[in-house]
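There are 4 protein chains.
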Amino acid sequence: MFRFDCDYLEGAHPLILQRLSETNFEQTIGYGCDPHCENAAKLIKKACNKDDCDVHFLVGGTQTNTTVICAALRPHQGVISADSGHINVHESGAIESTGHKVIALPSDDGKISADAVKNCFEAHWNDEAHEHIVQPGMVYISQPTEKGTLYSKAELEEIFTVCKKCGLLLYIDGARLGYALASNVCDMTLADVAASCDAFYIGGTKVGALFGEALIINNENLKKDFRYLIKQKGGLLAKGRLLGIQFEVLFENGLYFEISAHAIKAAKRLRQIFENHGCRFLADSETNQQFPIMKNEEIAKLSEEFSFEKWCSVNENETAVRFCSSWATTDKNLDALEKAVKNI
Amino acid sequence: MFRFDCDYLEGAHPLILQRLSETNFEQTIGYGCDPHCENAAKLIKKACNKDDCDVHFLVGGTQTNTTVICAALRPHQGVISADSGHINVHESGAIESTGHKVIALPSDDGKISADAVKNCFEAHWNDEAHEHIVQPGMVYISQPTEKGTLYSKAELEEIFTVCKKCGLLLYIDGARLGYALASNVCDMTLADVAASCDAFYIGGTKVGALFGEALIINNENLKKDFRYLIKQKGGLLAKGRLLGIQFEVLFENGLYFEISAHAIKAAKRLRQIFENHGCRFLADSETNQQFPIMKNEEIAKLSEEFSFEKWCSVNENETAVRFCSSWATTDKNLDALEKAVKNI
Amino acid sequence: MFRFDCDYLEGAHPLILQRLSETNFEQTIGYGCDPHCENAAKLIKKACNKDDCDVHFLVGGTQTNTTVICAALRPHQGVISADSGHINVHESGAIESTGHKVIALPSDDGKISADAVKNCFEAHWNDEAHEHIVQPGMVYISQPTEKGTLYSKAELEEIFTVCKKCGLLLYIDGARLGYALASNVCDMTLADVAASCDAFYIGGTKVGALFGEALIINNENLKKDFRYLIKQKGGLLAKGRLLGIQFEVLFENGLYFEISAHAIKAAKRLRQIFENHGCRFLADSETNQQFPIMKNEEIAKLSEEFSFEKWCSVNENETAVRFCSSWATTDKNLDALEKAVKNI
Amino acid sequence: MFRFDCDYLEGAHPLILQRLSETNFEQTIGYGCDPHCENAAKLIKKACNKDDCDVHFLVGGTQTNTTVICAALRPHQGVISADSGHINVHESGAIESTGHKVIALPSDDGKISADAVKNCFEAHWNDEAHEHIVQPGMVYISQPTEKGTLYSKAELEEIFTVCKKCGLLLYIDGARLGYALASNVCDMTLADVAASCDAFYIGGTKVGALFGEALIINNENLKKDFRYLIKQKGGLLAKGRLLGIQFEVLFENGLYFEISAHAIKAAKRLRQIFENHGCRFLADSETNQQFPIMKNEEIAKLSEEFSFEKWCSVNENETAVRFCSSWATTDKNLDALEKAVKNI
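Protein chains in written order, with the working numbering: chain D, 58 to 401; chain U, 58 to 401; chain V, 58 to 401; chain W, 58 to 401.
In structure tokens, the structure reads:
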């Protein structure tokens, strides 16, 4: 079986495993207070071109989202998200489990606009009964979105400007941030992301690490006592250095960016394979997720040797599917796919 | 100012105040274990034609909804509701504050259908990633709905049948249940309601009581330890008898139904007043809430002497407004309104 | 049966019922925004000698405690309380249900000292692992305590001083505050209470009202958006004026203080009755709760005609019991008790 | 610096790193549904001599405890624990953050007895006001305890018998379970543990793994929908196989037991080193944590080269300290310690 279901099919970049072996018998104190975490935080701050932020390492994305959002909101506040946002649909109610509503805004492409945020905010405060309604307290976006689309630098800055005017915090889910930044149509750098939000995370799990996410907090109020929250929500890894070491490897020589670029190159070839076959695409994704629309019988055929995700039904005969590339996608797998699609 | 904003503008039916005075110096034990609560529960069971249900008295609607829903659901489950449902939009996130998502189904008329429930249920279980998605555990409807519309007996039974097949609990918010049952187009009795759900409440606050809701629980699992939950959620009134006494008065001689009928009669006159003026209506409400569409300048004029709620903008020049009648609506107020509308 | 179990055995002071009748057909807007609530708040501010506080009316004590505490704390913080504190033992886990630990300090007399608060605070911050431990964020005391004991003015001020130094909020549960202030050994006024805390509530339920508590908030951060929280926690009464009217009656001519004094006078007679019988007392209560220690066979005998609470076993043969007086205690009941105790 | 602070100072057993490398480019589906997790579960069931249990893999201990406890309890229930229990003192309020009180029982040695559980249960139900009190729903113990002490097989069975009689679930925190089972005074096997509880976890983090805990659930009700809860609480690792692979290595040839025995042997040498120096011990620990009592100036001296935890002050001049051994403790470090203690 050749797998294209997702971007967490393999282990980690070999350099990470190598470093874990090299450091294995070092003795370090726990819970992220070790020299590796310290150094990784330094490297990330440098890559973000920011000195005054806090950097924390957590194990996974749902955990990171939940911890940040529940740390930021008072009990009567909710978090604005695209209706397709990961926190709204694929975290088993993690946000609600901490007491907060996800205020879902309709979105076709997975993005929300500065205007939509502003309208949501104003609709709340203009409603005479607003004290009976969940108060927007934060905005959650992801870069890239669940649908592989991207915010431009201008769009992001506009959202952040609106947020600041409205007293809303802006938080960016960067589970696949590397793949966004490596995309040809992306006009922003990591430093641009870091400059335009209250907090965001750089995803490791889907971009070369075994697991782990690096959370960057700019907002002073949110920084306060944050490690208590990580501990409470189960994200304070005893051997915190495992996270530090991985992000050291990813950021000390630009490996994070290099392997992200590899995935984007593979995604382009993925796209080409389906274009050559005459496929339309569900969304115009420029990142590592591609959404070709295929005939149902073609899908059945292809599924015998290839795994990929059925995304949504388009009509009676056609379904949009998702093929992911990643840091680990091999030419061998792409060659096999190319051949198979040609021969359908 | 003549007020038509809502159905909780006045105190209580005079018989209730009289009974509170008569019983004032009785000494009773607290927390709803007194003879008045016992008797009121008996009267309600009789009116529901049900022996095997539990009856509890709580202070208000949001509290009742929250207590029932959080008692029923496990942490990963959510409650299905129309998007306009009170729990989804007007309870300041009370349901989410207990950890549960409101799974909002789109609805134009405030109702949800048995099919919509079934589809929602099946969509969940057919999704390969369902363990990452909030699991539907309960269905919340209100009779009448927020928009004044009504479920027919057949519709309610169909929903309950689907719920039982799917293992979902059905809970009915009856904040204005009296006004539903008194409506000319309603084809069900209180016993029919009681027979077709796992739990429901009979609203007192909006139908003649000072405050208070009578919760009826049919489902055995939900019955267990329910008083702990009432206490925890702040609904176990120290002088519980105040609730018992009020529901005794409302149910010992059919007062609840009688005063509900009064409100419906007043609502018809409300409707007539606006029909005579040539108004269209936002919804075809047969209960105590009427939603005429008026010109904005007419609304401004009328607002000088009358209070009512601006419901939603219909177009640039017109707005739908809400006028409520209740057990307490007087001819005097209706006469004044009739005259004013004529003279706009 | 003559009842002395608690201080919420009867309805309300007759003047309250009378006022509810007089105002019954006034039409007012809901949720505590009516003129009666406004006026009651004014009267309470005056009685507290404070202009810059917010006054809210809630239905019950558990609800008030829960709403204040969850509004004040961040998710990793807990509230310090005496181990016998109402929030720690008699609210069915209401505080924990909003996510917060009650940090219970051992206490024999129901009080906690400024030193104990300071030690608890310092123990937390001196612990190297404090990020793994619930952080103290607030102090909860009640005046009088669950055991009928009282804080002196100096003790209260000392606690508040420590709290301010430590950045802890101080909240006072005043369910029986009237009975504390009316006690002969109490050296503080309502204004003194109001001056020495971040928030407190004046209990109505146990002091003459049908139900209802008046919450006073001094702390600016806690004031913000507080009505959202009241709504979310089920405490925003639709007919909020019912609370306003009751507190108007209680505070417009000093009725609250007058009926509290009545209860203290009755409590003294209660005490005398048991002293004359040669009883020891569990605690030296100067408020409306008295805790005589009686032989078990005497208790059995007395229980035939009198109801009271078994508080705790003292030894094999003796049990401490609780007799409460209240604003409603009659000479008739006290006479009967006196006679019965004499004749045991 | 020679470190003895805790048992998570190093990475993982080299065989684990080796296997991670060997399997690194396998493509597997995510979230613990891969063949490695399946095989690891099979190996663990065999080691537990149990077929009818569910096995899940989670990332850390606090996360595992929180997920199990919140899955098991209804909202009004709490979990019984020794006052020194990890959930009560060192998880930043994680249990309370899911809405549940930790019902702390006093304990000198970190253990709770079957009698203490029974008394707690009966005290609840015999209290007339029990509906106002958090209901015990579950018992949490750890084997070994926080103080290094052990339950005997008979004690454990007795607790489980009481739990079953009382309708309480029994859950065992096995963060250091390997070290308990390897102890010379331990009279139970892994199968004995598995036979005497509703759920328990086998700790990997402290016993040879990089991270990860294997949760075993026997109770049918608790099994239901458990993966939703793991996801919601942030414990469903995307690359779940990382956990499966580690537990495969630990359980396929008894490595888990072998390296646990190594730690116990090292602990004995630790103990001997301090006994030879004439030290008393705080607790009579037969597991991998040793608690010698040392003079404060000795501690200061020793701290220059060795790290260990100050556990608690014993008197003005002496402090109990904690030295941990683990699967990774080397003779080199023990030799250095022996020499240093001799020369103090």
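Beta carbons: idealized from backbone N, C-alpha and C, even for Gly.
Proximity to residue i [Cα-Cα], best of the options
i: U:VAL196; options: U:MET245, U:LEU207, U:SER164 and U:ALA139; result: U:ALA139
i: U:LYS280; options: U:GLU79, U:THR246, U:GLU83 and U:ALA129; result: U:ALA129
i: U:LEU162; options: U:LEU234, U:GLN200 and U:PRO193; result: U:PRO193
i: U:THR121; options: U:LEU391, U:ALA151, U:LEU247 and U:THR206; result: U:ALA151
i: W:ALA239; options: W:SER170, W:HIS319 and W:ALA295; result: W:HIS319
i: D:GLY311; options: D:LEU72, D:SER141, D:ILE137 and D:TYR208; result: D:LEU72
i: D:GLU31; options: D:LEU307, D:VAL174, D:CYS94 and D:GLU375; result: Absent from the model: residue 31 of chain D. The displayed extent of chain D is 58 to 401, so no value can be given.
i: V:VAL28; options: V:CYS127, V:ALA171, V:ASP166 and V:CYS94; result: Residue 28 of chain V lies beyond the residue range present for chain V, which begins at 58 and ends at 401; the question has no answer from this structure.
i: V:HIS93; options: V:ASN390, V:GLU309, V:GLN329 and V:ASP184; result: V:GLU309
Residue i versus residue j - alpha carbon distance
i: V:ALA104; j: V:ASN81; result: 26 Å
i: W:ASP230; j: D:ASP282; result: 27 Å
i: W:GLU277; j: W:ASN145; result: 26 Å
i: V:ILE101; j: V:ILE273; result: 9 Å
i: V:ASN106; j: V:ALA252; result: 9 Å
i: W:GLY68; j: D:ILE316; result: 25 Å
i: W:PRO201; j: W:HIS143; result: 12 Å
i: D:GLY301; j: D:LYS99; result: 11 Å
i: U:LEU247; j: U:ASP111; result: 15 Å
i: V:SER364; j: W:HIS133; result: 29 Å
i: V:ARG131; j: W:CYS243; result: 43 Å
i: W:SER360; j: W:GLN346; result: 18 Å
i: W:ALA385; j: D:SER78; result: 14 Å
i: V:LYS210; j: V:ASP249; result: 7 Å
i: V:LYS288; j: W:ASN176; result: 39 Å
i: V:LEU115; j: V:LEU293; result: 7 Å
CB of residue i within 8 Å of CB of residue j, strictly
i: W:ILE415; j: W:GLU343; result: Any question about residue 415 of chain W goes unanswered here, given that chain W covers just 58 to 401.
i: V:HIS147; j: W:ALA186; result: yes
i: W:GLU270; j: W:GLY117; result: yes
i: W:ASP62; j: W:GLU366; result: yes
i: D:HIS113; j: D:GLY265; result: no
i: D:PHE257; j: D:ALA97; result: no
i: U:ALA295; j: V:PHE268; result: yes
i: V:ARG233; j: V:GLY260; result: yes
i: U:SER403; j: D:GLU188; result: The displayed coordinates of chain U run from 58 to 401. Any statement about residue 403 of chain U would go beyond what the structure contains.
i: W:VAL291; j: D:THR123; result: The amino acid at residue 291 of chain W is misidentified as Val; the sequence shows Gly. Yes, the pair counts as a contact, with Cβ atoms nearer than the cut-off.
i: D:VAL462; j: D:VAL136; result: Here chain D covers residues 58 to 401 and nothing more, so residue 462 of chain D does not appear.
i: D:LYS168; j: D:THR206; result: yes
Beta-carbon contacts of residue i that lie in its chain and below 6 Å, excluding the five residues immediately before and after
i: U:ALA377; result: LEU339, PHE348, ILE350, TRP368, CYS369 and VAL371
i: V:ASN275; result: CYS110 and ASP255
Cβ-based neighbour list, residue i, same chain, cut-off 7 Å, excluding 5 preceding and 5 following
i: U:LEU307; result: GLY261, GLY265, ALA266 and TYR313
i: U:CYS336; result: PRO349, ILE350 and MET351
i: U:ALA393; result: PHE59
Scan the segment 70–97 of chain V for residues whose Cβ lies nearer than 8 Å to a Cβ of chain U and list them as they occur along the chain.
Residues passing the 8 Å Cβ filter: PRO71, LEU74, LEU77, SER78, THR80, ASN81, PHE82, GLU83, GLN84, THR85, ILE86 and GLY87.
Contacting positions in the segment 278–292 of chain U - beta carbon closer than 7 Å to chain V:
TYR285, LYS288, GLN289, LYS290, GLY291 and GLY292
Interfacial residues, the segment 260–273 of chain U to chain V, with Cβ spacing under 8 Å:
From the segment 260–273 of chain U, only THR262, LYS263, LEU267 and PHE268 have a Cβ closer than 8 Å to chain V.
Output, in sequence order along the chain, the residues in the segment 138–152 of chain U whose CB is closer than 8 Å to any CB in chain D.
VAL146, HIS147, GLU148, SER149 and GLY150
Short-range partners of chain V found in the segment 179–208 of chain W, where Cβ spacing is below 9 Å
GLU185, ALA186, GLU188, HIS189, ILE190, VAL191 and GLN192
Would you list, in chain order, the members of the segment 356–390 of chain V that have their beta-carbon closer than 9 Å to a beta-carbon of chain U?
SER364, ALA385, THR387 and ASN390
Identify each residue in the segment 154–165 of chain V for which the Cβ-Cβ distance to at least one residue of chain D is less than 8 Å, and report them in chain order.
THR155 and GLY156
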